[in-house]
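A.B. asks: Chains A and B, in that order, are what the protein sequence lines are. Numbering follows full-length UniProt numbering, with no gaps: position 22 of the first sequence is 22. Numbering follows full-length UniProt numbering, with no gaps: position 44 of the second sequence is 44. Even glycine gets a Cβ: it sits at the ideal position worked out from N, Cα and C. Can you keep this structure in mind? I'll have questions shortly.
2 protein chains.
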Amino acid sequence: MKNNIKDFRAIHKYTQDELAEKLEVSRQTVISLEKERYNPSITLAFKIARLFNCSIKDVFIYEDE
Amino acid sequence: MKNNIKDFRAIHKYTQDELAEKLEVSRQTVISLEKERYNPSITLAFKIARLFNCSIKDVFIYEDE
DNA sequence: AAAAACTGTAAAGTATACTTCACGTAAAGC
DNA sequence: GCTTTACGTGAAGTATACTTTACAGTTTTT
Numbered sequence: 001m002k003n004n005i006k007d008f009r010a011i012h013k014y015t016q017d018e019l020a021e022k023l024e025v026s027r028q029t030v031i032s033l034e035k036e037r038y039n040p041s042i043t044l045a046f047k048i049a050r051l052f053n054c055s056i057k058d059v060f061i062y063e064d065e
Numbered sequence: 001m002k003n004n005i006k007d008f009r010a011i012h013k014y015t016q017d018e019l020a021e022k023l024e025v026s027r028q029t030v031i032s033l034e035k036e037r038y039n040p041s042i043t044l045a046f047k048i049a050r051l052f053n054c055s056i057k058d059v060f061i062y063e064d065e
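Rendered as structure tokens:
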């Protein structure tokens with residue numbers, strides 16, 4: 001699963017710390033998501049999409065497993 | 001997080017077993033999702049939306065945590 | 001040049017998604 | 001009746017999302 005979190009973060013000019021705070025997760029989680037070390041829960045995915053004012057599909061690209 | 005999995009399953013006339021098979025998860029997982037005992041991973045959410053030919057938002061209703 | 005701000009890694013721990021197995025119940029068909 | 005089918009529960013185990021802490025490199029600011 002690919003994602004554009006880093007790009008969206010850049011557009012909104014957030015630091016990893018700020019983004020983590022807004023999403024109510026740790027900075028480590030933001031780093032790991034950006035580095036695509038793991039996929040978010042659907043709850044976090046919803047939060048991210050809401051924060052960036054777009055749909056989950058805009059942030060996360062699912063291409064068959 | 002609420003979801004309409006049971007309704008979508010009824011529309012498509014799948015048994016829990018069949019749905020589990022199509023989603024490549026266990027029947028327990030289907031039961032637990034329908035009973036809203038836990039939320040799916042984003043990967044599974046994508047699979048579900050794809051199977052039911054709709055968007056994640058159509059199946060999962062996120063209302064602030 | 002030194003300090004502060006930002007990004008990154010690594011490791012150990014906790015929470016939760018998901019599996020497997022075993023069992024119970026109720027409805028439908030033979 | 002009994003068998004099969006579909007739905008449900010409970011518990012123990014595994015995988016992975018997420019946290020916390022500590023430390024390091026690089027860039028920006030003073």
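1) Taking Ala20 (chain B) as the query, report the chain A residues whose CB atoms sit under 8 Å from its CB, ordered along the chain.
2) What would DSSP say about Phe60 (chain A), mapped onto helix, strand or coil?
3) Assess, as a yes-or-no matter, whether the segment 13-27 of chain B is touched by the segment 53-62 of chain A under the definition of 3 or more beta carbon pairs within less than 8 Å.
4) With 16 as the cutoff for other CB atoms within 10 Å, does Arg9 (chain B) come out buried or exposed?
5) Mind listing the chain B neighbours of Phe46 (chain A)? Cutoff is C-beta to C-beta under 7 Å, in chain order.
C.D. replies: So, to answer that:
1) To locate residue 20 (chain B), count along the second sequence from 1; it is residue 20. Those do not exist, as Ala20 (chain B) stays about 17 Å from chain A at its closest Cβ, beyond 8 Å.
2) Along the first sequence, one-based indexing puts residue 60 (chain A) at 60. Strand.
3) Contact between the segment 53-62 of chain A and the segment 13-27 of chain B is absent: fewer than 3 CB-CB pairs across the two stretches fall below 8 Å.
4) If you number the second sequence from 1, residue 9 (chain B) lands on position 9. Answer is buried; the Cβ neighbour count reaches 16.
5) Taking the first sequence and counting its residues from 1, the one referred to as residue 46 (chain A) is at position 46. Listed along chain B, the residues sitting closer than 7 Å to Phe46 (chain A) by beta-carbon distance are Tyr62.
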